[in-house]
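A.B. asks:
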Amino acid sequence: MLRVSTLALCLGLASPAVASEIWVTNEKDDTISVIDIDTLEVVRTIPTGERPRGITFNSDRSRVYICASDSNAVQVMDPETGEILHDLPSGADPEQFVLSPDDRYLWIANEDDAVTTVVDVETRKVVAQINVGIEPEGMAVSPDGKTVITTSETTNMAHWIDTETRSIRANTLVDARPRHAEFIKDGAELWVSAEIGGTISVFDTSNQSEITKIRFDIQGVHPDLIQPVGFELTPDQKTAFVALGPSNHVAVVNAETYEVEDYLLVGRRVWHMAFSPDHSQLFTTNGVSGDVTVIDVAARKAVKSIKVGRFPWGAATR
Amino acid sequence: MTHALTALIAICTREALRFFGQRSRMIAALVRPLIWLLVFAAGFRAALGLSITEPYETYITYETYIVPGLLGMILLFNGMQSSLSLVMDRELGTMRLLLTAPLPRWWLLSCKLIAGALIGVIQAYAFLGIAAIYGVSYPAFGYVAAFPVMLIAAFMVGALGIALSSTVRQLENFAGVMNFVIFPMFFLSSALYPLWKMAEASALLHDICMVNPFTHAVEALRFALYLKLNPLALGVTLGAVVLFMALALWGYDPGRGSVRRKA
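Residue numbers (UniProt numbering), protein chains in the order written: chain A, 1 to 318; chain F, 1 to 263.
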């Protein structure tokens, strides 16, 4: 993992600097909008399969994987040319996925089939399918690559999957409709957001016990509208930014005390987000308003909103 | 020339003395917009933020939206108050003293206008300071760029006030001015609601707002605070300054006799 990223760093330094970009999937336009971080403008719009949602790059940024949910495929794209190289067999309705730290396996949540599919990106073959709860969505992989999490939206569980045996090791209950999961603090904690429950559950990964729940309360906004979905942490793991869906706000959470410190107004129905490579800016996808809001991370202020396609969903940094 | 300057300084000093002598006036001038900001806007906190219009680059809270409008409100009330003090001056006889000074009348009225405008701008900056503490702040240079625009806006409402003061016979009529000038100007403008929102409610309301020069003064100010230029808004505001000043001079034209008759 370290070697791969070091290599990527060297390549990045050696090749003529490609301007950093944020790639956003537009769920209803079947496209990707590419935002140039320097100019904060959409520089490219790339067609994809139907209903693109989850998006991720491999570690040297030479490939981008896209969940084309209604095409029932994960598409593999060359980010340089925007050309779709091939599809991976993903199982039905892939929504979110994670790439294993060694870049070899994609772990894909198949929303309609209640399974998690493991695909070898080199042989392009499905190597395992694991039965999980109903409507799996959130996917996370531990930094050591030994555990993968699938959250199921209807069963309201986080499933802890052992990547060696490819079987469920543990299940933990979370609040209603878990959407997104993330290992943080070098894998010591697992955070799971619950959209309807309105919380983020924090788990101790050593024994899968719940440490606390983070709750949100925005002045003047009805609690039903506060629906946490995507979240990202600063590299020092001290601050989390949590997208709160139709409340149109992003919460700033102190990841050490689990206290919410601020709420930032962004566009409508904010779901996912991605940092700029230097982590000075955060880009949130606002589905209903069809734009991406840029947050100044240090100042904790929304500075600009950029029009993209219809219903932007996922975001990834190139 | 020196006479002209002496007159300007004298009138400004008198205006300043009058203003700073009444501490309650400063408090009143700030409490009014603060109630709007802290009470009214807080209630609508989440109601706005559905559309991005120039000069904003992202979604804003209602509090952020109304600050330029409230600055306009401060300038409007101050301009009217300061200009209508001419009515009192006329009743007390100090106006005769002023207008018989051996200087052109347009200059004397301009001095009065400048003095009132400066007092208004001081209040506006005090309010901007409070707004910044409350969390509504602007780029540092925005505060500088806003200065000339605030001055022009203050000239506009001040000149309108002077023009009106030539027709108001008694101070008691100030209530009428409140009802028929200040309130319509303030409410039928973009100070409290964006024009696209007005257009949703009624196209006629939107059109009325568009011809209201106060709308343009507020918009010019809103853009300036974000270091942007709104040529239409600024142009209309400047045009209104000229128009209202012409009306004021006409109202105080000794040849017309209305002033002479009364004074």
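Glycine is no exception: its CB is placed at the ideal position from the N, C-alpha and C atoms.
Here the structure is a predicted model, which means the values were calculated and not measured.
Exposed or buried, which one is Leu192 of chain F when buried takes at least 16 other CB atoms within 10 Å?
C.D. replies: Within the second sequence, residue 192 of chain F is the residue found at index 192, counting from 1. Buried.
A.B. asks: How about Ala188 of chain A and Ser206 of chain A: do their beta carbons lie closer than 9 Å?
C.D. replies: The residue labelled residue 188 of chain A in the question sits at position 188 within the first sequence. The residue labelled residue 206 of chain A in the question sits at position 206 within the first sequence. Contact flag set, yes.
A.B. asks: At a threshold of 8 Å, does Leu75 of chain F count as lining the ligand HEM (C-beta to nearest heavy atom)?
C.D. replies: Judged by which ligands are present, the structure shown has none, so any question about the ligand HEM falls away.
A.B. asks: Does the Cβ of Phe231 of chain A have 16 or more other Cβ atoms within 10 Å, making it buried, or fewer, making it exposed?
C.D. replies: Position 231 of the first sequence holds residue 231 of chain A. Phe231 of chain A is buried by the Cβ-count criterion.
A.B. asks: Give a yes or no on whether the C-beta atoms belonging to His159 of chain A and Thr116 of chain A are separated by under 9 Å.
C.D. replies: For this step, residue 159 of chain A is matched to residue 159 along the first sequence. For this step, residue 116 of chain A is matched to residue 116 along the first sequence. Going by C-beta atoms, His159 of chain A is nearer than 9 Å to Thr116 of chain A.
A.B. asks: Using a Cβ-Cβ cut-off of less than 7 Å, list which residues of the segment 288-299 of chain A approach chain F; keep chain order.
C.D. replies: The residues in question are Thr293.
A.B. asks: Output the distance between the C-alpha atoms of Val4 of chain A and Ser100 of chain A, rounded to the nearest integer angstrom.
C.D. replies: Position 4 of the first sequence holds residue 4 of chain A. Position 100 of the first sequence holds residue 100 of chain A. Residue confidence is low: Val4 of chain A scores 45 on pLDDT, short of 50, so the model does not pin down where it sits. No coordinate-derived value is stated.
A.B. asks: Taking all protein chains shown into account, do 16 or more other C-beta atoms lie within 10 angstroms of the C-beta of Arg261 of chain F, making it buried, or fewer, making it exposed?
C.D. replies: Here residue 261 of chain F is taken as the residue at index 261 of the second sequence, counted from 1. Below a pLDDT of 50, predicted positions are generally treated as unreliable, and Arg261 of chain F, at 48, falls in that range; the measurement from the model is reported next regardless. So Arg261 of chain F counts as exposed.
A.B. asks: Under DSSP, the alpha helix (DSSP H) around Glu63 of chain F begins and ends at which residues?
C.D. replies: Your numbering for residue 63 of chain F matches position 63 in the second sequence. It spans 62-92 - the alpha helix (DSSP H) in which Glu63 of chain F sits, taken as one unbroken run.
A.B. asks: Please confirm if Val266 of chain A has its CB atom under 9 Å from at least one CB of chain F.
C.D. replies: For this step, residue 266 of chain A is matched to residue 266 along the first sequence. By this cut-off, Val266 of chain A is an interface position.
A.B. asks: Where DSSP assigns a beta bridge to Gln237 of chain A, which residues make up the other side?
C.D. replies: The residue given as residue 237 of chain A occupies position 237 in the first sequence. None, per the DSSP bridge assignment.
A.B. asks: Using a threshold of 9 Å, state whether the C-beta atoms of Thr61 of chain F and Ala41 of chain F are closer than that.
C.D. replies: Your numbering for residue 61 of chain F matches position 61 in the second sequence. Your numbering for residue 41 of chain F matches position 41 in the second sequence. Yes.
A.B. asks: Can you check DSSP and say which residues form a bridge with Thr199 of chain A?
C.D. replies: On the first sequence, residue 199 of chain A is found 199 positions in, with the first residue counted as 1. For Thr199 of chain A, which the question treats as bridged, DSSP gives the partners A:Ala194, A:Arg215.
A.B. asks: Around the Cβ of Thr167 of chain F, are there at least 16 other Cβ atoms within 10 angstroms (buried) or fewer (exposed)?
C.D. replies: The residue given as residue 167 of chain F occupies position 167 in the second sequence. Exposed.
A.B. asks: Going by DSSP, what residue range makes up the alpha helix (DSSP H) through Thr6 of chain F?
C.D. replies: What you label residue 6 of chain F is simply residue 6 of the second sequence in a count that begins at 1. Its alpha helix (DSSP H) spans residues 2-21.
A.B. asks: Determine, using beta carbons only, whether Glu63 of chain A and Pro47 of chain A come nearer to each other than 9 Å.
C.D. replies: Start at 1 with the first residue of the first sequence, and residue 63 of chain A comes out as number 63. Start at 1 with the first residue of the first sequence, and residue 47 of chain A comes out as number 47. Correcting the residue type first, residue 63 of chain A is Arg in the shown sequence and not Glu. Cβ atoms of Arg63 of chain A and Pro47 of chain A: not closer than 9 Å.
A.B. asks: State yes or no: is the beta carbon of Arg260 of chain F nearer than 9 Å to at least one beta carbon in chain A?
C.D. replies: Stepping through the second sequence from its first residue, residue 260 of chain F is reached at position 260. The predicted model places Arg260 of chain F with a pLDDT of 48, which falls under 50 and marks its position as unreliable, so this point remains unresolved.
A.B. asks: Select from F:Leu225, F:Pro184, F:Phe223 the residue whose C-alpha is nearest the C-alpha of residue 284 of chain F.
C.D. replies: A query on residue 284 of chain F cannot be resolved here, the shown segment of chain F reaching from 1 to 263 and no further.
A.B. asks: In the DSSP output, what is Ile133 of chain F paired with across the bridge?
C.D. replies: The count along the second sequence starts at 1 and reaches residue 133 of chain F at position 133. According to DSSP, which records beta bridges pairwise, Ile133 of chain F is partnered with nothing at all.
A.B. asks: What did DSSP end up calling Arg104 of chain A once you bin it into helix, strand or coil?
C.D. replies: Sequence index remark: in the first sequence, residue 104 of chain A carries index 104 (1-based). Looking at Arg104 of chain A - three-state DSSP - the assignment turns out to be coil, as it is neither helix nor strand.
A.B. asks: Report yes or no: is there a C-beta of chain A within less than 9 Å of the C-beta of Glu57 of chain F?
C.D. replies: On the second sequence, residue 57 of chain F is found 57 positions in, with the first residue counted as 1. Glu57 of chain F counts as touching chain A.
A.B. asks: Rounded to the nearest angstrom, what separates Arg310 of chain A and Glu219 of chain F at their Cα positions?
C.D. replies: Position 310 of the first sequence, counting from 1, holds the residue named residue 310 of chain A. Position 219 of the second sequence, counting from 1, holds the residue named residue 219 of chain F. Those two C-alpha atoms are separated by around 31 Å.
A.B. asks: Return the CA-CA distance between Gly49 of chain A and Asp30 of chain A, expressed in angstroms with no decimal places.
C.D. replies: Reading the first sequence from its first residue, position 49 is the one you call residue 49 of chain A. Reading the first sequence from its first residue, position 30 is the one you call residue 30 of chain A. Distance between the alpha carbons of Gly49 of chain A and Asp30 of chain A is about 6 Å.
A.B. asks: Out of curiosity, what's the CA-to-CA distance linking residue 376 of chain A and Met157 of chain A?
C.D. replies: Residue 376 of chain A falls outside the range modelled here, since chain A spans only 1 to 318, and no answer is possible.
A.B. asks: Against chain F, does Gly220 of chain A count as a neighbour if the rule is that its beta carbon must be under 9 Å from one of theirs?
C.D. replies: On the first sequence, residue 220 of chain A is found 220 positions in, with the first residue counted as 1. Interface residue, yes.
A.B. asks: By the three-class DSSP mapping on this structure, what secondary structure does Glu135 of chain A have?
C.D. replies: What you label residue 135 of chain A is simply residue 135 of the first sequence in a count that begins at 1. The answer is coil: DSSP assigns Glu135 of chain A none of H, G, I, E or B.
A.B. asks: Does the contact criterion of 3 or more C-beta pairs under 8 Å hold for the segment 52-60 of chain F versus the segment 7-22 of chain F?
C.D. replies: As far as the Cβ criterion goes, the segment 52-60 of chain F does not touch the segment 7-22 of chain F, which means the pair count is below three.
A.B. asks: What residue range does the alpha helix (DSSP H) around Tyr143 of chain F cover?
C.D. replies: Here residue 143 of chain F corresponds to residue number 143 of the second sequence, with the count starting at 1. Here the alpha helix (DSSP H) through Tyr143 of chain F covers 140-165.
A.B. asks: Spell out whether any CB of chain A is found under 9 Å from the CB atom of Ala263 of chain F.
C.D. replies: For this step, residue 263 of chain F is matched to residue 263 along the second sequence. Unreliable positioning characterises Ala263 of chain F in this predicted model, as indicated by a pLDDT of 41, which lies under 50. A coordinate reading is not provided.
A.B. asks: Give me the Cα-Cα distance between Tyr222 of chain F and Lys228 of chain F, rounded to the nearest whole angstrom.
C.D. replies: As a working mapping, residue 222 of chain F is identified with position 222 in the second sequence. As a working mapping, residue 228 of chain F is identified with position 228 in the second sequence. Correcting the residue type first, residue 222 of chain F is Arg in the shown sequence and not Tyr. Rounded to whole angstroms, Arg222 of chain F to Lys228 of chain F spans 9 Å at the Cα level.
A.B. asks: Quick one: does Ala302 of chain A have its CB under 9 Å from some CB of chain F?
C.D. replies: Reading the first sequence from its first residue, position 302 is the one you call residue 302 of chain A. Ala302 of chain A counts as touching chain F.
A.B. asks: Counting only runs that start and end within the segment 128-184 of chain A, where is the beta strand (DSSP E) found for 3 or more residues in a row?
C.D. replies: Segments of the beta strand (DSSP E) lying fully in the segment 128-184 of chain A: 136-141, 147-152, 157-162, 167-173, 178-184.
A.B. asks: Confirm, please, whether the CB-CB distance from Val67 of chain F to Met156 of chain F is below 9 Å.
C.D. replies: For the purposes of this step, residue 156 of chain F is taken as the residue at position 156 of the second sequence. For the purposes of this step, residue 67 of chain F is taken as the residue at position 67 of the second sequence. Against a cut-off of 9 Å, the Cβ pair of Val67 of chain F and Met156 of chain F comes out as no contact.
A.B. asks: Output needed for Ser189 of chain F: all residues of its chain with C-beta closer than 8 Å, excluding positions within five of it in sequence on either side, in chain order.
C.D. replies: Locating residue 189 of chain F in the second sequence gives position 189, where the first residue counts as 1. Once the five neighbours on either side are set aside, the close Cβ partners of Ser189 of chain F are Gly69, Gly72, Cys209, Asn212, Phe214, Thr215, Val218.
A.B. asks: Please tell me whether Gly43 of chain F has its Cβ less than 9 Å away from any Cβ of chain A.
C.D. replies: Translated into positions along the second sequence, residue 43 of chain F becomes position 43. Closer than 9 Å: yes.
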